[in-house]
Amino acid sequence: MPLPQQKRKMLGEMLIVEGLISREQLERALAEQKLHGGRIGTLFRSMGFVTEDDIIKVLGKQMGIQPVLLSSVIIDPDVVKIIPETMARRHQVIPLFKKDRVLTLAMVDPLNVFAIDDLRRATGIEIQPVVSSETDVMKAIDRFYGGTSTMEAAAKEADVQGYGVMPDEQVIDLQRVGDDTPMIKLVNTMISQAVREGASDIHIEPDAEVLRIRYRVDGILREVMTPPRNLQAGVVSRIKIMADLDIAEKRVPQDGRIQMKVGEKDVDIRLSTLPTIFGEKLVMRLLDKSSILLGLEDLGLTADTLARFEKMIRRPYGLLLVTGPTGSGKTTTLYAALNRISSVERNVITIEDPVEYQFKYVNQVQVNLKTGVTFANGLRAILRQDPDVVMVGEIRDTETASIAIQAALTGHLVFSTLHTNDSAGAVARLLDMGAEPFLVASSLIGVVAQRLVRKVCAHCKGPFTPTADLIKNLNLDKLMSGQKESRLVKGAGCQQCRNTGYSGRLGIYEILPVDEAIRSLIVAKASSASIRNHAIQAGFAGLRLHGLVAALKGLTTLEEVLRVTQEIEV
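Put into structure tokens, the structure is as follows:
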């Protein structure tokens, strides 16, 4: 198939002409495409060579293809119906308007002649392509084709076809229900919609009257659908079959795993079931294995915090901990650190539960309790593999803590996570696990605490004026005087952000480097408060302070910062 290859090279050549990529980068991207497939433009972006805007500008300049900002276009819903949803998603296009016998389409890849021919045959009219970003096109597809209505249609179809009985009223064939087409359609649509909306979890929970389906997006649960409760048995059994669980066992919790492909994304789903008084509650954790790995600069670290963090991850040995509650982005931070320092000259090995992202020059081990691979004995085996850098997904017990500390003391750089509220609390947690104070003091090089705050929606944000009491309570006047420009904002809520006022998330961090004074405090078994007070005197800034600075830059809201940080963290 020479034509697609010619087209792919065309985009690369255009980017070279504009000085945006080098010949070597083009060859690397083509080699990656040959190995793993995917669109060349997407590969350029995921490898960090160019941005979406770069590609759009180049296509506009080199090919005369008009770039369109979809947020500024009023799209006629009747025109959208000309292209079926499946075709729109497959080719990543959204119809904009139709004039005479010409349909103008916003396309992520307007050079894809096969897509244009396919769409021309399907519609019977001429296609005029314009270019828009993948993010904007997929958001428009979700908005105009909608997922909730499709889910509701699938639920209604399943209900009509004979699932209108309560599980305790009649014994039903769960295997038949699980494999029935309407149920498959409902479950698949539920998962696909969650992936498109960027959900991290799907909650399926029965109550007295309905089956409640909620998505966790940007850390907040949102109800998306409440089908009749009599569909519970079919939905639960279908998902259990996908995860290879016992569909007849409803009395004990079960854990399973599902691997799916949603569009071009490989999604790893971790399933947990829990018996409740109304039936089994299911939680599905969605891990997008094809998601773009963030660089350190993309995490939200301020310039001075980034410099301190990078200095710590470049140390030859020692223990670096990242702390925070579940879902605060600890693993993402460690992945970004590993990605920065991994190279062909270093032996980097991780042990994780689960492996959330795969990348080069890193040997990754999956915890598997069934085969006896735990964090502790997996870490022991790793240390016999001559590692330079080791990442332990989480220090959960005394044994793992002891081995990680010993590894740090014997010339290895060890990264791991802990569940503590702040950076100073990590020391107390290690001591509670039975680690010797002098060993902790000798091995620990630093602790990073982090939280995720929701970013204000760029489409509906507006200026926000805090009350005098809020300014006083948060010492905002002092912070504002130190800022060149204060831009406190708040989202009004719009269709783009589903009326939440927020879109996406940003990390806020506090970094506690372990100096000689803190080592002395650790050996003396000083309290977390004492360690924190010493750090503050030395210029330490807590999570809330970093959050307030982000709010003053217009990145998030004061409300979000107060939601995820504690008062002591000022």
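Numbering-wise (our numbering), the sequence shown opens with residue 3 and increments by one.
Just so it is clear, CB atoms sit at the ideal spot from N, CA and C, and this is done for glycine as well.
- In summary, Asn-477 is exposed, with fewer than 16 beta-carbon neighbours lying within 10 Å of its beta-carbon over all protein chains present.
- The beta carbon of Ile-143 lies closer than 7 Å to those of Ala-90, Arg-91, Ile-96 in the same chain, with the five residues before and after it left out.
- Within the segment 307 to 386, the complete alpha helix (DSSP H) segments at least 4 residues long are 332 to 343, 377 to 385, listed from N- to C-terminus.
- The DSSP-derived three-state label of Glu-401 is helix.
- When DSSP states are grouped into helix, strand and coil, Leu-415 belongs to the strand group.
- Proximity to Gly-21 across Asp-56, Met-49, Glu-34, Ala-31 peaks at Asp-56, based on C-alpha coordinates.
- Here Thr-106 is bridged, per DSSP, to Phe-99, Gln-130.
- Where Met-435 is concerned, there is no enclosing beta strand (DSSP E), because DSSP gives it neither an H nor an E.
- Distance check between Arg-507 and each of Asn-501, Val-458, Arg-25 places Val-458 closest, using alpha-carbon atoms only.
- Annotation: Arg-253 to Gln-360 spans about 36 Å, alpha carbon to alpha carbon.
- Taking the CA atoms as reference points, Asp-390 sits about 14 Å from Ile-353.
- Closest in alpha carbon position to Lys-463, among Glu-299, Tyr-504, Leu-554, Leu-545, is Tyr-504.
- Contact between the segment 366 to 381 and the segment 275 to 289 is absent: fewer than 3 CB-CB pairs across the two stretches fall below 8 Å.
- Note: Thr-278 is bridge-paired with Gly-281 in the DSSP secondary-structure output.
- Contact between Leu-105 and Ile-84 holds: CB atoms are separated by about 6 Å, below the 8 Å threshold.
- Residue burial annotation: Gly-126 is exposed, with fewer than 16 other C-beta atoms found within 10 angstroms of its C-beta.
- Contact between the segment 412 to 428 and the segment 490 to 503 is absent: fewer than 3 CB-CB pairs across the two stretches fall below 8 Å.
- For Gly-43 and Ala-201, the gap between their C-alpha atoms comes out near 25 Å.
- Residue environment analysis places Pro-255 among the exposed positions, since fewer than 16 neighbouring C-beta atoms fall within 10 angstroms of its C-beta.
- Annotated three-state conformation of Ile-510 is strand, per DSSP.
- The alpha helix (DSSP H) runs lying completely inside the segment 174 to 256 and spanning 4 residues or more are 176 to 181, 183 to 198, 234 to 244, given in chain order.
- Counting the other CB atoms within 10 Å of its CB gives His-38 a total below 16, which places it among the exposed residues.
- If you look at Pro-465, you'll find it in the beta strand (DSSP E) that goes 463 to 465.
- Taking the Cα of Leu-276 as reference, the smallest distance to any Cα among Leu-301, Lys-242, Val-392 is reached at Lys-242.
- Leu-308 is not a Cβ neighbour of Ile-204, given a cutoff of 8 Å.
- Here the C-alpha atom of Ala-31 lies approximately 9 Å from the C-alpha atom of Phe-51.
- In the three-state reduction of the DSSP assignment, Ser-505 falls in the strand class.
- Membership of Met-140 in the alpha helix (DSSP H) is indicated by the continuous run 136 to 147.
- No residue range can be given for Val-70, since it is assigned to no beta strand (DSSP E) and is classified by DSSP as neither H nor E.
- Taking 8 Å as the cut-off, the beta carbon of Ser-418 is found closer than this to the beta carbon of Ile-397.
- Burial check for Lys-527: the Cβ neighbour count within 10 Å stays below 16, so the residue is exposed.
- Boundaries of the beta strand (DSSP E) harbouring Ile-447: 446 to 458, taken from the DSSP string.
- Met-393: member of the beta strand (DSSP E) spanning 391 to 394, first to last residue.
- The alpha-carbon of Asn-379 is positioned some 52 Å away from that of Lys-474.
- Taking the C-beta atoms as reference points, Arg-342 is found nearer than 8 Å to Leu-298.
- Shown here for Ala-553: same chain residues with a beta carbon closer than 7 Å to its own, the five before and five after excluded, namely Leu-490, Thr-559, Leu-560, Val-563 in chain order.
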